[in-house]
Every structure is written in C-alpha cells, then in structure tokens.
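Visitor: Protein chains in written order, with our numbering: chain A, -3 to 298; chain B, 167 to 627; chain C, 1364 to 1688. Below is one structure. I have some questions about it.
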Amino acid sequence: MSVTVMAGQRTAHNVARRRLSRGALYVFLTVLALIFLWPLLYAAYTSLRPYGEVVANPNGFFSTPATLNLNNYFFVWNGGNYPQFYLNTALITIPAVILTLWISSMVAFTISRFNWGFNMLVLMIFTAGNLLPPQVIIVPLYRLYNLIPVPAPLSDNGLMYDQIIGLILIHTTFQTGFCSFVLSNYMKTLSKELVEAAMIDGAGVFTIYARVIMPLVRPALAALGTLLFVWIYNDFFWSVMLFKSGDKRPITAALNNLQGTFFTDPTVVAAGSLMAAIPTIVLYLILQRYFISGLTLGSAKG
Amino acid sequence: MDSQVTRREVLKKGLIGAAGLTVLPSVIAACSTSSATTAPTAAAATQAPAATPTPNANILTGKLTLGNNHSDASDLKGVNAINDAFKALTTLAVTTNTVDHNTFQDQINNYLGATPDDVFFWFSGYRMRFFADKGLATAIDDTWAKVSSNFTAGFANAVVGNDKKVYGIPVDYYPWCVFYRKTLFADKKYTIPATWDDLITLCKKMQTDGLTPIAFSDKDGWPAMGTFDILNLRMNGYDFHVGLMTGAQKWTDPKVTAVFQKWATLIPFYTHGYAGLTWQQACDTLVRKTAGLFFLGLFMTGEVATVDATASADIDFFPFPFMGNSFDAEQALDAPIDIAMISAKSPNLAADLVNAKAYMEFWAKGSTQLLMYQANNGFIPTASDADTTKFDVLTQKAVQIVSKAQKITQFLDRDTRPDFAGANAMQSFLLNFLNAPTQDLAKLQASIQAFWDALPVYAGN
Amino acid sequence: MSELEPQAFAPAPATAGAGAPASAKRRRRHYSLLNRRDKLLLATMVGVPLAIFLVIIWGMTFVSVVLSFTNWDGVNPIAFIGVDNYVQLFTTYQFFWPAVFHNVLWLLFFVAFATPMGILLAVLLDRPLRGSGVYQSIFFTPVVLSLAVVGFIWELQYNALDGFINSAMVGMGWMSPNGTIDFLGDPSINIYAVLVAASWRHIGYIMVLYLAGLKSVDPSLREAAAIDGANERQTFMHVVFPVMAPINVVIIVVTVIESLRAFDIAYIINHGKNGLELLSILITNNALSEAGLIGFGSAIAVVLLVISLVPIVIYLTRVMRSEDQ
C-alpha cells in the first residue's frame, strides 16, 4: 500500500479539493436520482392527461397539459376489473407470506437449535432450490398441478391448477428455501442459554419454539414479511403460467391481459401500471427500514 | 364491481325482452313453452310434453362452463349479452372464463389437455383439425345435423375434421381488407387502387403528402402474416398457398422468393418503428389521419369505435389490389372463421354435454350471432338466417367481397401447424425478413424450411 | 436416524450406541431432555416442508430432465428419443444461440454496468452525507416494482410513435417523426433498451445489499487505514473490499441468477422474439404455448438448469466454508 499523504497534513488546497469533490458528489447523486425518478414521474404525469388532448397536440406527449385529471384512474378502476385483481392479489399474497414465515421459522428452529447431522444438507437443498430459475420446473409443475386433487372449498375445479391455493403453494415452497436459510442464521445468533434453561425447566420443544424463540425472532420476521410481501405481490411468471382464468389472476399478471385489449392508449397504460405499483410503493415508504433489514439479513450471512 | 353487476342486469333485462321477439332455437323452445316472456324453470319444461321433440330437452339445468377468448371490451360485452340471453331461456348456470385473446392462444395446448371448459371459442380449419386429431375436442355431428341448413357450404367445410366428423359451429368471420378514411381520400382526391401499380402510385403520392402510406405494426408477430398471405394468394394462387401452409410445398420455392421481393417494395411505405407497435397503435394512426391505408381484419372497426366513435362512419375498405395475373379470378382473401367447440377433457363434460350442445345450437342462430355483431360489428354472423337488414354498410360490403371470393383462406397461423406459427418460429422469420428485406432470401427461406423439417411428424399434414 | 441434540449442550460421550456404527462424534447422546414426542414434533417441523420442497422443486427439476429426452406433446403417449432434442437445439434450432447470446449479454451488462453502479452508489452513500437516506430511498424505489410494471413504465419512454424520448426529440426539432429510434422493435438495440430498464431495478437492489455489507464492516479497520494515511479509494480497495468477501459472493450470485431468470420485461414487450430471445422465454414459448413441444422445451430448461447450477454451487461452497469456520 503506497502511502503518500500523511494523515493530518491538511493543506488549504486539500480542503478546497474536498469541498469541490463533495459538491461534485451531490451533483452526481442528484442528477442520478432525477434520472431514477423520471420514468415514474413521467408515468404519473402521463396518467393524469386526457388522451384526446395529447392526440390533438402536434407535439403529442411532449407538450404542456391544458387539463390534468384522474379520469384514467376511474376508467381503470371501473372498467379494468381492478378491485377483483387487488382482491386476488391479497388472497394469494397474505396467506403465502404468513405460511412461509410460519413454516420456515419451524424449519429454521429445528435446524438451528438441534443437530441432526444433516442440517447443512437440508439448508443446501432449500437454498439451492430457491436459486433455481422458475422456468426450469414450470413444465412438469404445470402437469403436476393438473394431477393433484384438491377438495371443494379450496378449489373450484377439483385441482391445484388455476387455483389461488396453487399459487400459495408454489410461492410458499419457493420462498421457504430463502427464509429458512435467513431465519436459521438469525436464530444461531440468539443466546444459547435461553433454550438450555427452558429445557432444564422441562419445557417441551413446541413451548421453546413458540414461547422462547419466536418472540426473539420477531424483528427478523417483520423484515422478511415485508420483503416477501413485495416479492410475492410482484410475481408475474407463476401467475401467468398457473392460471387459465383471467379473473383469478393477481394484479401484476392481469396487466398482461389488459395490455392491447383494455389498455387502449398510453395514458391508460400509465394509470393502470401505477395502480398496480401503488400498494408496494406505499408499503415501501412506510416500512422502509424493514425492507432494508430484510435484505441485510439475507445477505450479510452469506 | 357494482357498476358491472348493474350493467349486466340491465343488459339481461333488455335481452329477455328482445329475445321474445326472435325465433328461438329448437332445443330452447323445446324446454320452455313460455318462450322468454317469463323465466322458465326445469319443472315448466317437463310439464310441456307437447313441445319436447328431443328426449333430452328437460336436462337444461345444471352447469355450463365457457372458455372465452373474446377479451376486448366490446367483444366481451357481446359474449355476455349472448350468455345472458341463453341463461334467460334456461336455468343453466353459465360460468364464463375470459382470458386475453393472445394468452388463450398461447395456452391452448395445455388448456385443452388439462381442465378445459365445456365450450370454448377457437379457429376453424387446420387449427381446429390439429386439436381434433389430438383427441382434445368432442365431435358434434348430432348438433350439426340440426343446424347445418343454416350454413353455406364454405362454412360447413371449415368445421369438418380429418376424420370427417364435425367439431365446431361457425360463429363469425371477418375478411382482411385495406381500410382507409373516406374524408381523407376525398380531401386529397385519392382513388381506390385496383391494381398493384395503382397501390404503389398511391403510396408514393401519400408519402409526398406527408402521410405514412400504410399503417403497419408487428410487435404482436401475427399482423405481418396477413400481408404474406394476401401476396402469396395474389401472386401464386390458392393451391400453392395451402400447399405451403400444410407442407406439400417448400418454403425454398422461388415462388416464395418472389413474394418476399414484392413485399420488400411495400416496406418503405410502412409506419416507422412498426416492429415495436401493436395493431391498435397502428390503427390509431389511421384514425388520426396520419396514415392513409391499413391492411387488417374487419375487427379493427371495434378499435376505431373505442378510440374515436365519430370516425367509425368515415371508415371504408377495399379488397387488396390485384396483380393482373391468372389468380385474380380467384379473388381470394383471408377471412378467418371463428368457431365454438366442445372440449374433450372438461372435468364436467359428462354432466354438461347436453347443455354444451344446446349452447352450440344457440350460437348457430342468426339472432344469437347478431348480438355479438351488435357489440362489435367486426364479427360478421355466419348463420344464413341472420337478419342482414341489421348489418351496416361496411358489413354488407364485407359480406359481398367474401361471397364473391372463389377461394377463402383462414390466416397463416390458422392454416398451418401451431408449432410452426409461434413467436420463436414464423413470427420471428417474418420479422427477420421485414428488418432486412434485402438480405439473402434464399438463406432465410432455407432456414424456414429447415425449421419446418425439424418439427415432430404430424400425421394430419 | 441421527440423534437429536440441542446445540446448546456441549458434546457428551455416548454410552449406549444402540448398535449404530457411527463415528464417535455421531454417537453423542443427550440426556433425556428430548422425549419421543419432541423428536417426532421436530421431525415433522422440518420433514414435512422438506418433503414438499423436494417433490415440488427438485422432483420437478428431475422430471424436466427426463422429459428432455422425450418428444412428448402433452397429449400423446411419451416416447423417449434419446438426445435428439439436444442435437436439434445445438445444431439446427435458429433461436437457441441468439437466446444464449442475449442471456450472456444480460449478464455482461449487469456485471460491467448495473452491479458496479449499485456498488458505487453504496460506497458513495455509505459516507456521512446529508440526505443520504433520501437518495437511498429514491434509488431503491424501482426495486419494489413488479418487472411487469417496469416493462410498461419503460414502454412509455421507448415507444417509437408516442414514447417520451422520441416525442421529446421530435418536439425539440432534433429528429424527424420518421427518424425516431425504434427502441422496442429494432432487433439490434431493443435488448439494450430492455437492459436499461432492468438495470434501473437491479442497481437499487445491489446498492442496498452492498450498503448493508458496508455498514457491517468494523469501523476500526477504516480508522486504522486512515491513520496509516490511506485515502478513501485505497481504503476501499485494500481494506474494505477484501473483508466484504462474503457480500461480494452474494452480489455475484444475485447478478448471475437475475441474468439467468430474466423473463418478465422481454415477455411483456414482445414475448421474446425479434432480438429479445431469452432462454427462459424459449422454454415457455415451446413447452407452454400452442406449439406444445414439451420435450424440446424441457431440453432448453435443462440447459438453463445446468448453467444455473454453476453459480449455485459456487454460492453453496461459500456458505459451507463460512459455516465451517
């Protein structure tokens, strides 16, 4: 390591240079931030414009608006079946997140607190599977879903295919890999004496899981839950492939349906896309720190 | 949601009233003596033996599921109107599963092989036979026997499978023609091009007038197929075209080269950036009068009405210009026929089959098809008893053009095997040509033929 | 059956080996703190999810491999045809190599641009900077959007007819309406347009991952480097970067996996044709489309599987090693 500038040897020149570079840094970050925001801001702006006015203008979208209104949003909400799609998303996402957290916390508890001899193997099976591209398994999975019988309240066609329960299953399965890994790492950092003490007190395994460990992993669960919600909400692939019924699909997959048929012009596309994005953006703005810590949990232990 | 239910209710009420005025299909009439003035019940049906010529007439209760690919707003309205009319005459619970048109097509194999709905909409011709041959459709010869008198021979032929059984009911069709705006033509004093040379002259004139001569789009991959079809039909005739679609002719044939070369002269007149545009966007340029001509199916009138209802009356069309060769007499064109079919693997089919056939019979009526037509006048009824006085000027003209045609084809992706027509297949090859029309065509044609040759053997070819 | 043993307890030598010929380490037996019911419960807690996971993920992966040696069309009986699908894939199938090329291009673009950009932002925002949190929020926002939404939002920018970029250029008089850039339809550039949109989301993702890693670096290391007189760049290159090794592996794996999974944006734009061919889309276009070429599509899936296993194995080796420590 070549050391040329001695610490503490701050000349006026250096201070000026530092100020300059700090100024340049702000300029750089601000310009970049604007570039990052631009596609969203433009989509928001476009969504407020009446299409007829844009068409009438010789400059098209590159023009100042005479009117801005929410008509495109009303149009999408009323005509695009959005309430149904939001409901579908909720019916898939919420149970999938809860199930994933519940199942992976049990897996993590078992493999982090007890030595089975093949703990590592179990973790590897989960983690590696979680990293596979979904396209690798979609073809047989599609067939499998058409073979698994599912009774009536959970399925309206007697199968796993084309059912909300089917989506919940694949999301839960896929995400359990990641969450078990993260949670088991988290649990390993917890004090060992707690479990020890509980066991000596004669507590059963379930009591330890439910009363001792679970309260302690709550922060990790909150962080993972936020992350999972967004991931599952944003899924496109599984819901396009595993639903045949257009009106059962969640909002993001429904966008694909709306394209070209209901999305008659760019202002409607903008409103429709933003409406699909709003729930995650709002959630992110409220729960930002959980997001960040969720991702941190997932990566820091790599 | 509320507004939708309300709209549906309103439609339903309106239709019950309207249906009373029209002639009822035999099976419906059979099960409900009271016509449609009051809601009929199964009990009422069984109590009316005088009006039960078919033994199964009293079974029209229970369920029926429908796989609907009419996803565009106007088309969906038509399907809903028809289902409401059907439901009003029976006590059936009809479940409609609407899937985006393109997605439905993508998933058709898996859909039909897994848990399809009882009845689904599909395409006639090769595309119907392909799935019938795979055992994924139910033959409906008995239903057809009751309704066949309502269809001309052309439609009848389009629903016969390779095993000579009937697999569908033709529900609508639409010719591919060249669309334009009458006021634009009047303003600029353009005349309808009758020949290829006229077309090129017109395009050049439009270009100097600052217009895009031909609105074109191919982001979806299939619109370009229409142009290939018509050029091949005009230049090489129906027999060669069909041979090419079914594998009897080779894509390496110099006749195909000629088609591509001819096509290359049209490309400079196309919308800039067409490979990134949807047909709806191209259609909009015609509506806005920034483009002069638009070659597409008649269904484009639905989009025109959505974008600018006042432009609808200003739209007119003419058949694609002729080449001045022996094939002109054929007056051939793509006029795809949509059909309703009964699946083979629907989990409820055993229970629903009678209902499904009744529904098919319902669709065979001109009065039913008119409901679809009223929702989107791009779907011309196929039934002979459809009240043609309800047709608008454009439709009457379309009917005339199609009836004059000696030969009718379906459309490239309906006339050939589906594994040849898809996104990473013919759609890509045509885009490849459009992107570089001056390329070594022999090489492109060879790769198309190689692709065909590599496909699994299909006995139905 | 291996013994259940709370890790909280130190190894205790086993007395009765129950006939298990395992190593001394394995024969450790723990008192009677875990009764039969507890063991059963624990076995269920991990066994049931594991079984489901094995069937759905690894079972289906195995079936994909088997199907790739058949010509199944989803309807007719399955017939094995050896490696014919692979031969066709590697020799005559015109869309395979373009797809491989686009996936590689995707990876290179991410490796050369998006990922370093994310790292750079993380490093810049890791310093005490006024408004650092606001910048972080902005850069991270695209990450919470669905890729489908990303595709639509960028189409508004790219469209040749009325997209913003072209409208602005024409409006400013820098371009004629017939000379607009066909970002979506021109097969020589549309993949880059898609990559920019994908990077928009990827950069923020990498930034947050890396930022988390930077925050966990022991501050005393930097102080020591500063005392040694190293400037910021030197400190980062020679001190921070090396101790970030675990996070670097994560970043690499995320970058590679994301490149292999690339699907949504290209699928939204044009179903993966005309310059946007990707392996993932070739699979669905062949096996889950009207074509019904399930055997052939599965062969492409296997190729994708084999490629994916490379980063996965690297990652797991890494995890194992850190676990051993």
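Don't be surprised by glycine CBs; every beta carbon is placed ideally from N, CA and C. Computed from a predicted model, the values in this text were never measured in an experiment.
If you count every other CB in all the chains shown that lies within 10 Å of the CB of residue 475 of chain B, and 16 or more means buried, which is it?
Guide: For this step, residue 475 of chain B is matched to residue 309 along the second sequence. Classification for residue 475 of chain B: exposed.
Visitor: Closer than 7 Å, Cβ to Cβ, to anything on chain C: give me those residues from the stretch 74 to 97 of chain A, in chain order.
Guide: Answer in chain order: no residues at all.
Visitor: Do residue 343 of chain B and residue 545 of chain B have their CB atoms nearer than 8 Å?
Guide: In the second sequence, counting from the first residue as 1, residue 343 of chain B sits at position 177. In the second sequence, counting from the first residue as 1, residue 545 of chain B sits at position 379. Going by C-beta atoms, residue 343 of chain B is not nearer than 8 Å to residue 545 of chain B.
Visitor: Tell me the DSSP secondary structure of residue 62 of chain A in three-state form.
Guide: As a working mapping, residue 62 of chain A is identified with position 66 in the first sequence. In this structure, residue 62 of chain A counts as coil in the three-state DSSP scheme.
Visitor: Curious, which full-length alpha helix (DSSP H) runs of at least 4 residues does the stretch 1386 to 1460 of chain C contain?
Guide: Taking only runs of at least 4 residues, the alpha helix (DSSP H) segments lying wholly in the stretch 1386 to 1460 of chain C are 1399 to 1416, 1423 to 1430 and 1447 to 1454.
Visitor: With 8 Å as the limit, tell me which residues of the stretch 1439 to 1470 of chain C have their beta carbon closer than that to any beta carbon of chain B; keep them in chain order.
Guide: Answer set for the stretch 1439 to 1470 of chain C: 1439, 1451, 1455, 1456, 1457 and 1458.
Visitor: Can you check the stretch 123 to 193 of chain A for any beta strand (DSSP E) of at least 3 residues that lies completely inside it and give the ranges in chain order?
Guide: Runs found: none.
Visitor: Quick one: what's residue 524 of chain B bridged to in DSSP?
Guide: Within the second sequence, residue 524 of chain B is the residue found at index 358, counting from 1. Its beta-bridge partners do not exist; DSSP assigns none.
Visitor: Give me the Cβ distance between residue 442 of chain B and residue 1523 of chain C, rounded to the nearest whole Å; I'm assuming they're in contact under 8 Å.
Guide: By 1-based counting over the second sequence, the position of residue 442 of chain B is 276. By 1-based counting over the third sequence, the position of residue 1523 of chain C is 160. With a Cβ gap of about 5 Å, residue 442 of chain B and residue 1523 of chain C count as contacting.
Visitor: Mind checking residue 1518 of chain C: buried by the 16 CB within 10 Å criterion, or exposed?
Guide: Against the third sequence, residue 1518 of chain C aligns to sequence position 155. By the neighbour-count rule (16 or more Cβ atoms within 10 Å), residue 1518 of chain C is buried.
Visitor: Classify residue 1683 of chain C: buried if its beta carbon has 16 or more other beta carbons within 10 angstroms, exposed otherwise.
Guide: Numbered from 1 along the third sequence, position 320 holds the residue referred to as residue 1683 of chain C. Exposed is the call here.
Visitor: Which of the three DSSP states, helix, strand or coil, is assigned to residue 614 of chain B?
Guide: The residue labelled residue 614 of chain B in the question sits at position 448 within the second sequence. The answer is helix: DSSP assigns residue 614 of chain B an H, G or I state.
Visitor: State whether the stretch 1545 to 1563 of chain C contacts the stretch 88 to 103 of chain A, with contact taken as three or more CB pairs (one from each stretch) at a distance under 8 Å.
Guide: No, the stretch 1545 to 1563 of chain C is not in contact with the stretch 88 to 103 of chain A.
Visitor: Count the other C-beta atoms from every protein chain shown that fall within 10 angstroms of the C-beta of residue 1467 of chain C, then say buried if there are 16 or more, exposed otherwise.
Guide: In the third sequence, residue 1467 of chain C corresponds to position 104, counting from 1. Exposed is the call here.
Visitor: Closest Cβ-Cβ distance between residue 301 of chain B and chain C: below 8 Å?
Guide: Mapped onto the second sequence, residue 301 of chain B falls at position 135. At least one chain C Cβ lies under 8 Å of residue 301 of chain B.
Visitor: Smallest Cα separation from residue 301 of chain B: which of C/1641, C/1528 and C/1439?
Guide: On the second sequence, position 135 is the one that residue 301 of chain B refers to. It is C/1439.
Visitor: Enumerated in chain order, which unbroken segments of the beta strand (DSSP E) with a length of 3 residues or greater are wholly contained in the stretch 354 to 394 of chain B?
Guide: You should have 378 to 381.
Visitor: Is residue 139 of chain A buried or exposed, if buried means 16 or more other CB atoms sit within 10 Å of its CB?
Guide: As a first step, residue 139 of chain A is located in the first sequence; it is residue number 143 there, counting from the start. The residue is buried, with at least 16 neighbouring Cβ atoms inside 10 Å.
Visitor: Just to make sure I have the definition right: I need the residues of chain A whose C-beta is within less than 8 Å of the C-beta of residue 304 of chain B. Which are they?
Guide: Working through the second sequence from its first residue, we reach residue 304 of chain B at position 138. Under the 8 Å cutoff, chain A gives no residues; its nearest Cβ is about 18 Å from residue 304 of chain B.
Visitor: Going by the DSSP bridge assignment, what does residue 509 of chain B pair with across the sheet?
Guide: Position 343 of the second sequence, counting from 1, holds the residue named residue 509 of chain B. Residue 509 of chain B pairs with B/303.
Visitor: Could you tell me which residues DSSP puts in a beta bridge with residue 234 of chain B?
Guide: Within the second sequence, numbered from 1, the residue matching residue 234 of chain B stands at position 68. Answer is B/264, bridged to residue 234 of chain B.
Visitor: Please classify residue 535 of chain B as buried or exposed, where buried requires at least 16 other C-beta atoms within 10 Å of its C-beta.
Guide: For the purposes of this step, residue 535 of chain B is identified with residue 369 of the second sequence, where counting begins at 1. Per the 10 Å Cβ criterion, buried.
Visitor: What is the DSSP secondary structure of residue 1493 of chain C, counted as helix, strand or coil?
Guide: As a working note, residue 1493 of chain C is residue 130 in the third sequence. Coil.
Visitor: How would you call residue 1480 of chain C, buried or exposed, if buried means at least 16 neighbouring beta carbons within 10 angstroms?
Guide: Walking along the third sequence from the start, residue 1480 of chain C turns up at place 117. Flag for residue 1480 of chain C reads buried.
Visitor: Using only the alpha-carbon positions, how far apart do residue 286 of chain B and residue 234 of chain B sit?
Guide: Translated into positions along the second sequence, residue 286 of chain B becomes position 120. Translated into positions along the second sequence, residue 234 of chain B becomes position 68. Between residue 286 of chain B and residue 234 of chain B, the C-alpha separation is close to 6 Å.
Visitor: Whose Cβ in chain C lies nearer than 9 Å to the Cβ of residue 288 of chain A?
Guide: The residue you call residue 288 of chain A lines up with position 292 of the first sequence. Correct list: 1499, 1503, 1571, 1574 and 1575.
Visitor: Leaving out five residues on either side along the sequence, give the residues of the same chain with a beta carbon under 6 Å from the beta carbon of residue 186 of chain A.
Guide: Counting from one through the first sequence, the residue named residue 186 of chain A turns up at place 190. 212.
Visitor: Going by the DSSP bridge assignment, what does residue 18 of chain A pair with across the sheet?
Guide: Sequence index remark: in the first sequence, residue 18 of chain A carries index 22 (1-based). Note: residue 18 of chain A sits in no beta bridge, so no partner.
Visitor: With a cut-off of 8 Å, does the C-beta of residue 1420 of chain C fall near any C-beta of chain A?
Guide: In the third sequence, counting from the first residue as 1, residue 1420 of chain C sits at position 57. With 8 Å as the cut-off, residue 1420 of chain C counts as an interface residue toward chain A.
Visitor: Contact defined as beta carbons within less than 8 Å: I believe residue 1661 of chain C pairs with residue 1430 of chain C. What is the distance between those atoms, to the nearest angstrom?
Guide: Mapped onto the third sequence, residue 1661 of chain C falls at position 298. Mapped onto the third sequence, residue 1430 of chain C falls at position 67. Indeed, because the Cβ distance is near 4 Å, the residues count as touching under 8 Å.
Visitor: Do you know whose CA, among C/1566, C/1433, C/1509 and C/1654, lies nearest residue 275 of chain A's CA?
Guide: For this step, residue 275 of chain A is matched to residue 279 along the first sequence. It is C/1509 whose Cα lies nearest to the Cα of residue 275 of chain A.
Visitor: Kindly list the residues whose CB is nearer than 8 Å to the CB of residue 66 of chain A, restricted to its own chain and excluding five residues on each side of it in sequence; keep chain order.
Guide: Taking the first residue of the first sequence as 1, we reach residue 66 of chain A at position 70. Excluding residues within five positions, the ones whose Cβ falls inside 8 Å are 44.
Visitor: Name the residue from B/229, B/603 and B/610 whose alpha carbon lies nearest to the alpha carbon of residue 431 of chain B.
Guide: Locating residue 431 of chain B in the second sequence gives position 265, where the first residue counts as 1. Among B/229, B/603 and B/610, the Cα nearest to that of residue 431 of chain B is on B/603.
Visitor: With DSSP as the reference, label residue 605 of chain B as helix, strand or coil.
Guide: Counting from 1 along the second sequence, the entry for residue 605 of chain B is found at position 439. In the structure shown, residue 605 of chain B sits in coil (DSSP, three-state: anything other than H, G, I, E or B).
Visitor: Of all Cβ atoms in chain B, is any one closer than 8 Å to the Cβ of residue 1655 of chain C?
Guide: Residue 1655 of chain C sits at position 292 when you count from the first residue of the third sequence. Judged by the 8 Å Cβ criterion, residue 1655 of chain C is in contact with chain B.
Visitor: When you compare each of C/1408, C/1450 and C/1443 to residue 1663 of chain C by their alpha carbons, which one comes out closest?
Guide: Against the third sequence, residue 1663 of chain C aligns to sequence position 300. Taking only the C-alpha atoms, the option nearest residue 1663 of chain C is C/1450.
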